[in-house]
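To keep things clear, I will list the structure first and then write my remarks on it.
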Amino acid sequence: MTDKRQSRALASPLGSGSLRVVRKIQLSVQSEEGSGGEVKPLLQKSERLTVAREECSKCDLFPALLTNGDCEGGYLGNGRNRELEKCSIRGERKYREPSPSPERGHLERDGSGKEQSSPALVEEAEEEVAEEARLIRQFGKQGSGRSDLTLPSGVHATPQGQLFLVDCGNARVQVTDSYGNVMQQVNSPRSDYGGSSRRCRNYFDVAVNSKGLIALTCAAERALLVFNRHGRLLQTYGGGPIVGGASPDGLEAPRGVTVTQQQEFLVADLRRGTLTALKLDPKTGSRLERTVVTGFDRPYLVAACQHSGLVAVSERGSETGREPCVKVLDPGWTTLKVLGVCPGMGPVLSSPWGICIDHDGAVLVADWAERHRVVLFPAQGIGRVVVSDGLSSPRGLALLPSGSLVVSDSMHHCIKLYQYK
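With the UniProt record's numbering applied, the sequence shown corresponds to residues 1 to 421, in that order.
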């Protein structure tokens with residue numbers, strides 16, 4: 001038996017972002033005549049090949065298949081033989097059902113009546129190889145200069161492609177383009193916030209609605225600050241004394257903030273275990289409506305999809321046995337699914353931070369596991385790691401209109417952009 005090996009990668013029909021690596025062996029099945037004139041096969045039953053059956057999701061063609069049942073009596077049988085054909089949709093080499101073939105499939109007789117062998121393509125092995133996101137560029141370095149960043153945290157991307165970056169170590173918000181060019185800065189309030197320039201030094205997350213209002217959470221002051229588009233402080237929610245076990249503004253430990261499909265600010269409250277939706281006056285920032293959704297276990301960061309209205313919130317878990325996870329909710333606040341707790345559905349989350357939802361319904365999560373990473377959970381299918389190297393304490397995630405994934409790499413004091421699909 002001659003054995004000529006070659007490797008070939010085919011795009012997987014299982015979904016975007018993965019490759020089916022297929023090794024094919026070209027077998028020339030030779031035979032020898034015994035003393036009684038019978039043909040003895042060289043391929044023995046112990047050498048039968050087994051491969052996974054798989055169907056192309058884009059057309060009615062199949063990959064080449066051989067099963068144990070096809071290796072009849074040591075010969076390559078014709079039960080699963082396929083003829084090579086080019087798939088018109090994906091442009092890949094596929095196989096289709098052939099016209100009726102001779103007995104024993106790959107053994108044909110020449111003019112002298114002797115059987116001649118013809119080569120067969122067999123899948124020897126295949127494995128799923130996750131295709132990770134590609135780093136496009138990064139910007140920022142540690143410092144306090146105009147374009148510097150120190151411990152960047154939350155990040156928000158506008159439909160126009162602007163980035164609002166929480167520069168935690170410098171107590172400010174940097175407004176940049178996707179290349180890091182600074183367009184505006186929102187600095188820490190001074191006399192208009194308690195009369196002290198040293199207060200509110202732990203900015204956490206940021207969001208901007210279509211009216212130009214900027215919402216900024218401060219973990220140190222336990223408050224949500226609302227600015228106008230020019231960076232002037234309009235309102236402060238929370239941060240006051242807790243009376244009767246509750247804050248008069250309904251916020252006790254605000255952390256993540258995002259903008260819903262209705263252009264309301266949605267705030268995750270770590271202490272209260274709630275999501276609070278605030279509808280604000282576009283000119284004054286004063287509260288017009290408030291909706292409180294309860295039942296969360298230490299909610300941390302939150303994201304909303306402007307396309308579908310889906311909401312995702314990361315939970316920190318607790319010492320009482322509740323595991324860290326990400327919950328996905330519909331626009332009516334009904335929990336649709338819980339991500340990151342079942343090993344059969346993808347990576348188990350250790351410490352979920354920033355999250356975002358793309359137009360396909362996939363949820364991306366920054367997770368501080370043994371190796372800090374970004375995990376993608378598709379709308380259908382099994383989750384996978386898309387960024388496994390090069391991150392140190394990733395905190396915020398966002399998606400630019402171009403589809404690029406924005407990650408605030410906190411301990412590297414920079415912002416990284418990835419192409420993940």
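Where a beta carbon is used, it is the ideal one built from N, C-alpha and C, also for glycine.
Since the model is a prediction, treat every value here as computed from it, not as a measurement.
Reduced DSSP secondary structure (H/G/I, E/B, other) of residue i
{"i": "Gly361", "result": "coil"}
{"i": "Gly256", "result": "strand"}
{"i": "Glu127", "result": "Low confidence applies here, because Glu127 scores a pLDDT of 42, under 50, leaving its location unreliable and the question unanswered by this model."}
{"i": "Asn187", "result": "strand"}
{"i": "Ser410", "result": "helix"}
{"i": "Arg96", "result": "Residue confidence is low: Arg96 scores 40 on pLDDT, short of 50, so the model does not pin down where it sits. Its coordinate-derived value is still stated next. DSSP places Arg96 in strand when its eight states are reduced to three."}
{"i": "Ile415", "result": "strand"}
{"i": "Gly140", "result": "coil"}
{"i": "Pro159", "result": "coil"}
{"i": "Gly354", "result": "strand"}
{"i": "Gly154", "result": "strand"}
{"i": "Glu344", "result": "Per the sequence presented here, residue 344 reads as Gly, with Glu not at that position. In the structure shown, Gly344 sits in a helix (DSSP, three-state: H, G or I)."}
{"i": "Gly238", "result": "strand"}
{"i": "Gly169", "result": "helix"}
{"i": "Ser210", "result": "coil"}
{"i": "Lys421", "result": "coil"}
{"i": "Ser314", "result": "strand"}
{"i": "residue 444", "result": "No information on residue 444 is available, as it lies outside the stretch 1 to 421 that the chain covers here."}
{"i": "Ala398", "result": "strand"}
{"i": "Asp367", "result": "strand"}
{"i": "Pro266", "result": "Per the sequence shown, the amino acid found at residue 266 is Leu instead of Pro. Strand at Leu266."}
{"i": "Leu339", "result": "strand"}
{"i": "Leu149", "result": "coil"}
{"i": "Ala223", "result": "strand"}
{"i": "Arg271", "result": "coil"}
{"i": "Thr334", "result": "coil"}
{"i": "Gly403", "result": "coil"}
{"i": "Asp205", "result": "strand"}
{"i": "Ser283", "result": "The sequence shown places Lys at residue 283, not Ser. Looking at Lys283 - three-state DSSP - the assignment turns out to be coil, as it is neither helix nor strand."}
{"i": "residue 422", "result": "Residue 422 is absent from the structure shown; the chain starts at 1 and stops at 421."}
{"i": "Thr67", "result": "The predicted position of Thr67 is uncertain, since its pLDDT is 33 and thus under 50; a value taken from the coordinates is nonetheless stated next. Residue state, collapsed to three classes: coil."}
{"i": "Ala379", "result": "coil"}
{"i": "Arg134", "result": "strand"}
Near the ligand NAD: residue i beta-carbon under 7 Å from a heavy atom
{"i": "Ser404", "result": "As far as ligands go, the structure on display features none, and thus does not contain the ligand NAD."}
Residue closest to residue i, alpha-carbon to alpha-carbon, out of the options
{"i": "Phe139", "options": "Gln162, Ser178 and Gly169", "result": "Ser178"}
{"i": "Glu264", "options": "Asn170, Lys279 and Ser393", "result": "Lys279"}
{"i": "Asn187", "options": "Gly231, Val338, Ala219 and Gly256", "result": "Gly231"}
{"i": "Asn209", "options": "Asn181, Glu221, Gln261 and Glu131", "result": "Gln261"}
{"i": "Ser318", "options": "Ile357, Asp330, Leu270 and Val338", "result": "Leu270"}
{"i": "Thr217", "options": "Ala171, Ser392 and Leu288", "result": "Ala171"}
{"i": "Cys414", "options": "Gly180, Glu132, His156 and Pro159", "result": "Gly180"}
{"i": "Cys305", "options": "Leu349, Val313 and Arg298", "result": "Val313"}
{"i": "Met183", "options": "Ala207, Val206, Ser147 and Pro159", "result": "Ser147"}
{"i": "Ser402", "options": "Lys141, Glu132 and Pro159", "result": "Pro159"}
{"i": "Gln380", "options": "Ala398, Asp389, Val374 and Leu336", "result": "Leu336"}
{"i": "Val407", "options": "Ile382, Arg384 and His372", "result": "His372"}
{"i": "Leu329", "options": "Ser308, Val341, Gly344 and Gly321", "result": "Ser308"}
{"i": "Ala220", "options": "Pro394, Gly169 and Leu233", "result": "Gly169"}
{"i": "Val257", "options": "Gly240, Arg229, Pro299 and Asp205", "result": "Asp205"}
{"i": "Gly240", "options": "Asn228, Leu233, Leu224 and Arg395", "result": "Leu224"}
{"i": "Leu349", "options": "Thr334, Val375 and Ser144", "result": "Val375"}
{"i": "Arg298", "options": "Val267, Ala366, Gly390 and Pro343", "result": "Val267"}
{"i": "Gly145", "options": "Val259, Gln185, Arg137 and His156", "result": "Gln185"}
{"i": "Gly295", "options": "Thr334, Leu400 and Leu288", "result": "Thr334"}
{"i": "Val155", "options": "Gly332, Arg137 and Pro394", "result": "Pro394"}
{"i": "Asp367", "options": "Glu131, Arg201, Ile355 and Met411", "result": "Ile355"}
{"i": "Leu391", "options": "Ile382, Pro347 and Lys416", "result": "Lys416"}
{"i": "Leu163", "options": "Ala303, Tyr420, Ala207 and Lys211", "result": "Ala207"}
{"i": "Ile357", "options": "Ala398, Arg322, Gly346 and Val338", "result": "Ala398"}
{"i": "Ile382", "options": "Val338, Arg229, Gly161 and Gly396", "result": "Val338"}
{"i": "Val259", "options": "Arg134, Gly212, Asp360 and Val365", "result": "Gly212"}
{"i": "Cys325", "options": "Asp389, Gly340 and Ala157", "result": "Gly340"}
{"i": "Glu370", "options": "Leu234, His359 and Asp389", "result": "Asp389"}
{"i": "His412", "options": "Lys141, Gly161 and Asn202", "result": "Lys141"}
{"i": "Gly332", "options": "Leu400, Gly396, Val293 and Tyr420", "result": "Val293"}
{"i": "Arg287", "options": "Arg316, Lys327, Ala303 and Gln235", "result": "Gln235"}
{"i": "His359", "options": "Met345, Lys421 and Lys327", "result": "Lys421"}
Cβ separation of residue i and residue j, assumed to be a contact under 8 Å, to the nearest whole Å
{"i": "Pro152", "j": "Val166", "result": "6 Å"}
{"i": "Pro254", "j": "Gly238", "result": "6 Å"}
{"i": "Glu252", "j": "Arg222", "result": "6 Å"}
{"i": "Val363", "j": "Phe377", "result": "5 Å"}
{"i": "Thr276", "j": "Gly250", "result": "6 Å"}
{"i": "Trp353", "j": "Leu310", "result": "About 19 Å; that fails the 8 Å criterion."}
{"i": "Ile136", "j": "Ser404", "result": "6 Å"}
Any chain B beta carbon closer than 8 Å to residue i
{"i": "Leu163", "result": "No chain B appears in this structure, which consists of one protein chain only."}
Q.
Give the list of continuous beta strand (DSSP E) stretches no shorter than 3 residues that lie fully inside the stretch 285-315.
A. 287-293, 299-304 and 311-315
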